[in-house]
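Structure, as structure tokens:
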Amino acid sequence: MRVSTGISALDAMLHGGLMRGDVTLVVGSAGTGKTTLALQYLVNGATKFNENGLYITFEQMPAQIYRDAASFGWDIRKLEAEGKLRVVCTSPPVLVQFVEERNPIDAIISEMSAKRIVIDSISNLESFIPASELRGELYRLVNHLKMKELTSIFTAESQEVFGDHLVVTGVGLSFLVDCIILLRIVEIQSSLKKALTVLKIRGSDHDKQLREFEITPQGIKIAAAFAQYEGVLTGAPRRSTTEAFTEAFKKGKKI
Amino acid sequence: MNETGLRELSQKLIGTEIKAELLRLFHMNPGILDTVESIARRIGRMPKDVETEISTLVELGVLRKERFGKLDVLSLNTSKDKEVQKKLAALIEESAKG
Chain A
-18 MRVSTGISAL
-8 DAMLHGGLMR
2 GDVTLVVGSA
12 GTGKTTLALQ
22 YLVNGATKFN
32 ENGLYITFEQ
42 MPAQIYRDAA
52 SFGWDIRKLE
62 AEGKLRVVCT
72 SPPVLVQFVE
82 ERNPIDAIIS
92 EMSAKRIVID
102 SISNLESFIP
112 ASELRGELYR
122 LVNHLKMKEL
132 TSIFTAESQE
142 VFGDHLVVTG
152 VGLSFLVDCI
162 ILLRIVEIQS
172 SLKKALTVLK
182 IRGSDHDKQL
192 REFEITPQGI
202 KIAAAFAQYE
212 GVLTGAPRRS
222 TTEAFTEAFK
232 KGKKI
Chain B
198 MNETGLRELS
208 QKLIGTEIKA
218 ELLRLFHMNP
228 GILDTVESIA
238 RRIGRMPKDV
248 ETEISTLVEL
258 GVLRKERFGK
268 LDVLSLNTSK
278 DKEVQKKLAA
288 LIEESAKG
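Right, dumping it as structure tokens:
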């Protein structure tokens, strides 16, 4: 069963939406739109699909989230008052306690009958949990959320803004999650554009194209694929051979 | 209700700069659910400087402290906070009437 993100083009790329109960990792460098995408998923859940959501933030204060969300027309305070969405600001040691017997976050999940959860950002756990325990703790967290039948989004910060390799975490988080959505800044004809692609969905096919997206006053809008370029993810794309050939052909040049 | 009551309550609630900062933090961010160490960091203070102030706010009931595993987790007790604010407003009004 699929869970709609409410972003129709993204749902189409995911062949219908996220799989219910799955954990999705949204990876990108600073400023790529991870938080916007994650918030939009929760706001759409609360307002369009009658699915309550919990947003867990570590570094960013709720007041800032309320303000940033308002710029997209999302009234988080109102949704909180209606019991449809909750913003919880905590620290990784508290989140990790939630995999033990009792935990305040578990209580909130039950109290509001949450169906969706966002953890922004999972990268913060690396600063608080010893490297030797991190993979085990993440594995436990992923399974705990699955047991609660929550459809989860974790955001993760990648260090590389441009470049031809991507490291999400050093602990193999990409193997623990079910779906990975990659956001990246790319340079096309001397201007910076945002690109999105679905890297994997466990147990399902998905769109493999790299698409341009924009952060508009209504949230994320996904546009067409970068069909005319190759090597876009490296940050240094070049016109595809077919495109270059066609262009050269039209101009009567040798390629 | 009198001047002494007003003085005592306001002293307990916002008698120090740190208590005022803590209240501001929780009122602006009611979803905070955190440890003393992290809360101190969020207002740019050291844990030892906020411990006593937090205890006073817990005694007043404005903050809730719960033990989860190895951690003491603090959060805003919204209903008690509203009650205390109402009481403070009534005391101020009474005091103004003389």
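Line order of the protein sequences matches chains A and B.
Under the numbering used here, the residue at position 208 of the first sequence is numbered 189, and the numbers go up by one with no gaps.
Counting the second sequence from 1 gives a position; the numbering used here is that position plus 197.
Glycine included, each C-beta is placed from N, C-alpha and C at the ideal position.
Let's see if you can read the secondary structure: which residues bound the alpha helix (DSSP H) around residue i?
i: Glu92(A); result: 85 to 92
i: Leu20(A); result: 15 to 29
i: Asp269(B); result: Taken as a continuous stretch (DSSP letters only), Asp269(B) belongs to no alpha helix (DSSP H), being part of the beta strand (DSSP E) at 268 to 273.
i: Leu(-9)(A); result: -11 to -6
i: Glu32(A); result: Element bounds for Glu32(A): n/a, residue is neither H nor E.
Contact check, residue i vs residue j under 8 Å by CB: the rounded distance?
i: Val75(A); j: Val233(B); result: Their Cβ separation, rounded to whole angstroms, is 12 Å, which puts Val75(A) and Val233(B) out of contact at 8 Å.
i: Val4(A); j: Ser133(A); result: 5 Å
i: Arg67(A); j: Met42(A); result: With a Cβ gap of about 15 Å, Arg67(A) and Met42(A) do not count as contacting.
i: Ile229(B); j: Ser272(B); result: 6 Å
i: Pro73(A); j: Phe30(A); result: So it is not a contact: roughly 29 Å between Cβ atoms.
i: Glu193(A); j: Asn105(A); result: Contact flag wrong, Cβ pair sits at about 29 Å.
i: Asn226(B); j: Ala19(A); result: No, Asn226(B) and Ala19(A) are not in contact; Cβ-Cβ is about 18 Å, not under 8 Å.
i: Ala11(A); j: Glu138(A); result: 7 Å
Grab me the residues of residue i's own chain with a C-beta within less than 7 Å of its C-beta, minus the 5 sequence neighbours each way, in chain order.
i: Arg165(A); result: Gly9, Thr13, Ala176, Leu214
i: Leu206(B); result: Lys284, Leu285, Leu288
i: Glu32(A); result: Gly26, Lys96, Arg97
i: Asn274(B); result: Gly258, Val259, Leu260, Arg261
i: Leu291(A); result: In the structure displayed, chain A extends from -18 to 236; residue 291(A) sits before or after that span and is not available.
i: Arg58(A); result: Tyr47
With DSSP as the reference, identify every bridge partner of residue i, one or two as the case may be.
i: Met0(A); result: Arg(-17)(A)
i: Thr136(A); result: Val7(A)
i: Ala206(A); result: Arg192(A)
i: Gly200(A); result: Thr197(A)
i: Val279(B); result: Correcting the residue type first, residue 279(B) is Lys in the shown sequence and not Val. According to DSSP, Lys279(B) bridges with nothing at all.
i: Ile100(A); result: Ile37(A), Phe135(A)
i: Ala287(B); result: Ala287(B) pairs with nothing; no bridge assigned.
i: Lys174(A); result: Val167(A)
i: Glu114(A); result: Bridge partners of Glu114(A): none, in fact.
i: Lys181(A); result: Ile161(A)
i: Arg219(A); result: Glu211(A)
Can you find the residues in the same chain that come closer than 6 Å, C-beta to C-beta, to residue i, ignoring five residues on each side of it along the sequence?
i: Lys216(B); result: Glu250
i: Gln190(A); result: Ala206
i: Ala293(B); result: none
i: Phe53(A); result: Gly200
i: Met198(B); result: The predicted position of Met198(B) is uncertain, since its pLDDT is 49 and thus under 50; a value taken from the coordinates is nonetheless stated next. These residues qualify, in order along the chain: Leu288, Glu291.
i: Phe135(A); result: Leu6, Ile100, Ile103
i: Leu131(A); result: Ile98
i: Gly(-3)(A); result: Arg(-17)
i: Ile46(A); result: Val68
i: Glu263(B); result: Val270
i: Glu195(A); result: Lys202
i: Leu60(A); result: Ala27, Leu66
Along the chain, where does the beta strand (DSSP E) containing residue i start, and where does it finish?
i: Glu130(A); result: Run containing Glu130(A): none; DSSP gives neither H nor E here.
i: Glu168(A); result: 160 to 169
i: Ser185(A); result: Per DSSP, Ser185(A) belongs to no beta strand (DSSP E) and is neither H nor E.
Could you tell me whether the Cβ of residue i comes closer than 8 Å to any Cβ of chain E?
i: Thr232(B); result: Included in the structure are the protein chains A and B, with no chain E among them.
Once you ignore the five residues that flank residue i on each side, which residues in its own chain have a CB closer than 8 Å to its CB?
i: Ile240(B); result: Ile215, Glu218, Leu219, Leu222, Val247
i: Ile86(A); result: Leu35, Ile37, Val69, Thr71, Val75, Leu76, Phe79
i: Arg183(A); result: Met0, Asp3, Asp159, Cys160
i: Arg242(B); result: Ile215, Glu218
i: Gly64(A); result: Asn33, Met93
i: Ser91(A); result: none
Complete alpha helix (DSSP H) runs within the region 205 to 273 of chain B (minimum length 4 residues, chain order): 214 to 225, 233 to 239, 244 to 257
Runs of alpha helix (DSSP H) lying entirely within the region 46 to 81 of chain A, each at least 4 residues, in chain order: 57 to 62, 73 to 78
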